[in-house]
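S.K.:
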Amino acid sequence: MRLRSTLSGSVEEVVPEQGRIGVYVCGVTPYTESHIGHAMSLLVYGVLIRYLRWRHADVEVRYVSNYTDVDDKIIERALELGEDPAALAQQNIDLWEAQQAALGILAPDVRPRVTTEIDGIVGAIGRILGNGHAYAVPGVGVYFRVRSLPGYGKLSHRTLDEMRAGTREEPGREKEFPLDFALWKGAKPGEPSWPSPWGPGRPGWHIECSAMAQRYLGVTFAVHGGGTDLVFPHHENEIAQAEAVTGAGSFARLWMHNGMVLRDGEKMSKSLDNVVSVAEALRLWRPDALRLFVLSKHYRQPTNLTDEAMMAAQRGVDRLSQALAEGSGGSGEPAPAGAAHRARFVEAMDEDLNTAQALAALFDLARAINRLREAGADASAERATLRELASVLGLGLLSDAQGDLSRISPAELVEITTRFGVARAATDVAGTIEALLERRQAARSERDFALSDAIREALASAGIDVQDGPQGARWSVRA
Numbered sequence: 033m034r035l036r037s038t039l040s041g042s043v044e045e046v047v048p049e050q051g052r053i054g055v056y057v058c059g060v061t062p063y064t065e066s067h068i069g070h071a072m073s074l075l076v077y078g079v080l081i082r083y084l085r086w087r088h089a090d091v092e093v094r095y096v097s098n099y100t101d102v103d104d105k106i107i108e109r110a111l112e113l114g115e116d117p118a119a120l121a122q123q124n125i126d127l128w129e130a131q132q133a134a135l136g137i138l139a140p141d142v143r144p145r146v147t148t149e150i151d152g153i154v155g156a157i158g159r160i161l162g163n164g165h166a167y168a169v170p171g172v173g174v175y176f177r178v179r180s181l182p183g184y185g186k187l188s189h190r191t192l193d194e195m196r197a198g199t200r201e202e203p204g205r206e207k208e209f210p211l212d213f214a215l216w217k218g219a220k221p222g223e224p225s226w227p228s229p230w231g232p233g234r235p236g237w238h239i240e241c242s243a244m245a246q247r248y249l250g251v252t253f254a255v256h257g258g259g260t261d262l263v264f265p266h267h268e269n270e271i272a273q274a275e276a277v278t279g280a281g282s283f284a285r286l287w288m289h290n291g292m293v294l295r296d297g298e299k300m301s302k303s304l305d306n307v308v309s310v311a312e313a314l315r316l317w318r319p320d321a322l323r324l325f326v327l328s329k330h331y332r333q334p335t336n337l338t339d340e341a342m343m344a345a346q347r348g349v350d351r352l353s354q355a356l357a358e359g360s361g362g363s364g365e366p367a368p369a370g371a372a373h374r375a376r377f378v379e380a381m382d383e384d385l386n387t388a389q390a391l392a393a394l395f396d397l398a399r400a401i402n403r404l405r406e407a408g409a410d411a412s413a414e415r416a417t418l419r420e421l422a423s424v425l426g427l428g429l430l431s432d433a434q435g436d437l438s439r440i441s442p443a444e445l446v447e448i449t450t451r452f453g454v455a456r457a458a459t460d461v462a463g464t465i466e467a468l469l470e471r472r473q474a475a476r477s478e479r480d481f482a483l484s485d486a487i488r489e490a491l492a493s494a495g496i497d498v499q500d501g502p503q504g505a506r507w508s509v510r511a
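Following my numbering, the numbering of the sequence shown begins with 33 at its first residue and continues without gaps.
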């Protein structure tokens, strides 16, 4: 497999080292609820891990992603809310992990947190100081000396002069040079702090990731990922710190960056009031539709989230689901048509994780399945291939298809949605059922059990069985 490296600007092979492919991805700073941009970034890297494990079954793929659970933003937000910073961070982490599970986002093998890695971070800072790449300012903290590394700026491809031109120089600061950055911040009254050789304080933002990546993946590992907004200064500083610790020019061999998420063509921001939270996205759209929407574009390109694009994604999920749900029987071994589409899928994924082309192979395979069905032929082998490739992309609902959607009468669904005031496109069968179940859950929350029962009975009359469980209601089409 080959990926385009931000560091070199070229497409490079992902190479195992001593039987392992190590991947580190920067996680969230849990000062508030996560937004859809966080989710879409981790969807991309989760697919990378799934594919590497499927493609290289004989190689250990170790996936590490962190939480920055102490930070200026967390402290400021906790002060605004009158809460304890640690409790606020934990609350948002709990919510985010539940949302990741709902979205089918692959969990990392290791999820280190800054607050549980202090000793390792302090040790890394000590080695950087010992190697002459940092300096301590009594009562203030420790700063990294960027001019001590000739290669500083190689990831963002900028010189010190270019970087300094965009930096506001503040008089009276203790820095030797404006671009020097904090490795350790001295404690301030009321802030969380830990002991260190330079006085009580807490880590700067950047040192945590380089220290944790090298602890769990080794001095050198295969891939480091994150959003394009992290190239500078965060990832640039990670490289500098890691090389300053080891005294060698080695850290991640390949740097991978995903594009940002736009909302209706504009950058999501609080000032524009267009930030889509994960909770809102889960209310509006199905998890598989969100996943298919993300994967329909190349990961390095910006993704424009629109209602029209999401409707198209939901229709695409239905097309794949219907192809999986049709018919039964057969050996389940890949047939010639399935083998050809599998080869296309592998070729696309091997070349810089081209999920858009990989999805095109899946949709063509779904069309081949439909043609076989119309001809009265057995397409079970092709469906087995489609199910396998869909699962590599993390399309979880497809791996457990909820029944033959073609058995449901669209007209009957329209009648049910009209009766209960649920607006949904009749062509989006699974989405319409989900919308009815959301209306039913709202009724249950309001203790309107008569309405809840009425919706369940209406669905049952249409051939849709509903089962309530601890994780919520699940539905299936009656055979």
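Yeah, the Cβ is synthetic: ideal placement off N, Cα and C, and Gly gets one too.
Tell me the start and end of each unbroken alpha helix (DSSP H) in the stretch 60-123 that is at least 4 residues and wholly inside, in chain order.
M.R.: 68-87, 104-113
S.K.: Measure the alpha-carbon distance for A490 versus Y83 and round it to whole angstroms.
M.R.: About 41 Å.
S.K.: Taking the continuous beta strand (DSSP E) assigned at I53, which residues delimit it?
M.R.: 52-57
S.K.: Please report the straight-line C-alpha distance between R143 and I401, rounded to a whole angstrom.
M.R.: 41 Å
S.K.: Could you please give the first and the last residue of the uninterrupted alpha helix (DSSP H) stretch that includes N306?
M.R.: Looking at the DSSP string, N306 is not in any alpha helix (DSSP H), and its letter there is neither H nor E.
S.K.: Can you tell me the Cα-Cα spacing of D320 and W86, whole angstroms?
M.R.: 20 Å
S.K.: At 3 residues or longer, and completely inside the stretch 161-224: list those beta strand (DSSP E) runs for me, N to C.
M.R.: 166-169, 173-176, 213-218
S.K.: Between the stretch 209-226 and the stretch 242-260, do three or more beta carbon pairs fall short of 8 Å?
M.R.: no
S.K.: Would you say R332 touches the ligand GDP, meaning its beta carbon is less than 7 Å from a heavy atom?
M.R.: Annotation note on the ligand GDP: not contained in the displayed structure, which lists no ligands.
S.K.: Report yes if the C-beta distance between V96 and L249 is below 8 Å; otherwise report no.
M.R.: yes
S.K.: Does the separation of the CB atoms of G218 and G171 fall below 8 Å?
M.R.: yes
S.K.: So, with DSSP's three-state summary, where would you put H330?
M.R.: coil
S.K.: Smallest Cα separation from N306: which of V46, Q50, I68, R34?
M.R.: When each option's Cα is compared against that of N306, the closest is I68.
S.K.: Find out if the Cβ-Cβ distance for the pair G426, G136 is shorter than 8 Å.
M.R.: yes
S.K.: Select from R405, V43, D384 the residue whose C-alpha is nearest the C-alpha of Y331.
M.R.: D384
S.K.: Would you identify the three-state DSSP class for A407, choosing helix, strand or coil?
M.R.: coil
S.K.: May I have the straight-line CA-CA distance separating R451 from L391, to the nearest angstrom?
M.R.: 37 Å
S.K.: Please name the residue or residues paired with I496 in a DSSP beta bridge.
M.R.: V509
S.K.: Check the DSSP bridge columns for G258 and list the partner residues they point to.
M.R.: H289
S.K.: Just curious, the beta strand (DSSP E) that R234 is in, first and last residue?
M.R.: First-last of the beta strand (DSSP E) with R234: 233-235.
S.K.: With DSSP as the reference, label E32 as helix, strand or coil.
M.R.: The requested residue 32 does not occur in the structure, where the chain is confined to residues 33 to 511.
S.K.: Taking 8 Å as the threshold (C-beta atoms), are G495 and I448 in contact?
M.R.: no
S.K.: Please classify A313 as buried or exposed, where buried requires at least 16 other C-beta atoms within 10 Å of its C-beta.
M.R.: buried
S.K.: Could you round the C-beta distance between L74 and Q122 to whole angstroms and report it? I think they count as a contact, below 8 Å.
M.R.: Actually they are not in contact, since the Cβ atoms of L74 and Q122 sit about 19 Å apart, beyond 8 Å.
S.K.: Rounded to a whole number of angstroms, what is the C-alpha to C-alpha distance between R36 and G231?
M.R.: R36 and G231: Cα-Cα distance of roughly 42 Å.
S.K.: Going by beta-carbon coordinates alone, are D101 and I125 separated by less than 8 Å?
M.R.: Less than 8 Å divides the Cβ of D101 from the Cβ of I125.
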